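Under the working numbering, the first residue of the sequence shown is numbered 2, with each subsequent residue one higher. Built from N, CA and C at the ideal position, the CB exists for glycine as well. Here the structure is a predicted model, which means the values were calculated and not measured. Structure, as structure tokens:
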Amino acid sequence: MKPTHIEHIGIAVKSLDEAIPFYENVFGLKCYAVEEVAEQKVKTAFFMVGQTKIELLESTDPEGPIGKFIEKKGEGIHHLAFAVENLQEGLNETAEKGVKLIDQSPRKGAEGLNIAFLHPKSTFGVLTELCEHPEE
Ligand code: ZN
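Shown next as structure tokens:
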């Protein structure tokens, strides 16, 4: 498995209403989509930087993964997402190399991507997501 690029960087924020204007006014980036991912108990906002996205994540439930992350660590970088061409194959290869997986098989993420997370205990503390575009 070799990632083609960094698909996005996920950043946990307390409030999209505060963070979106910051990215728009300070960096001059345009928020092109806001989407709720009910299953993950988050609302996401996206900005394009070259071929990489910034994904802001606001929790919709204190018991959800982002709610718990912010309570423990505060706002900040939450995960790094690599684009891969064959996600299931990538997961199998990664598992064979002894990396602990959070998701054994792909599931649906924001923007219709197929996604899966690797366990941060296996990735030097960086919660790492692999994602593939379903049409690829
Ligand atoms: Zn992500």
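- DSSP, read as helix, strand or coil, puts F125 in coil.
- With 16 or more neighbouring CB atoms inside 10 Å of its own CB, G91 falls in the buried class.
- Taking 8 Å as the upper bound for CB-CB distance, L119 and V100 are in contact here, some 6 Å apart.
- Pairing P4 with V127 gives a Cβ-Cβ distance that is not under 8 Å.
- The alpha carbon of S60 has as its nearest neighbour, out of N115, L114 and G11, the alpha carbon of G11.
- By the neighbour-count criterion, in which a residue is buried when 16 or more other Cβ atoms sit within 10 angstroms of its Cβ, F28 is exposed.
- In the same chain as I21, and ignoring 5 residues on each side of it, the C-beta atoms closer than 6 Å to its own belong to C32 and A46, in chain order.
- One Cα belongs to A96, the other to S16, and the distance between them is close to 35 Å.
- When DSSP states are grouped into helix, strand and coil, T61 belongs to the coil group.
- Using a cutoff of 7 Å, the CB of G110 counts as near the ligand ZN, since one of the ligand's heavy atoms is closer than that.
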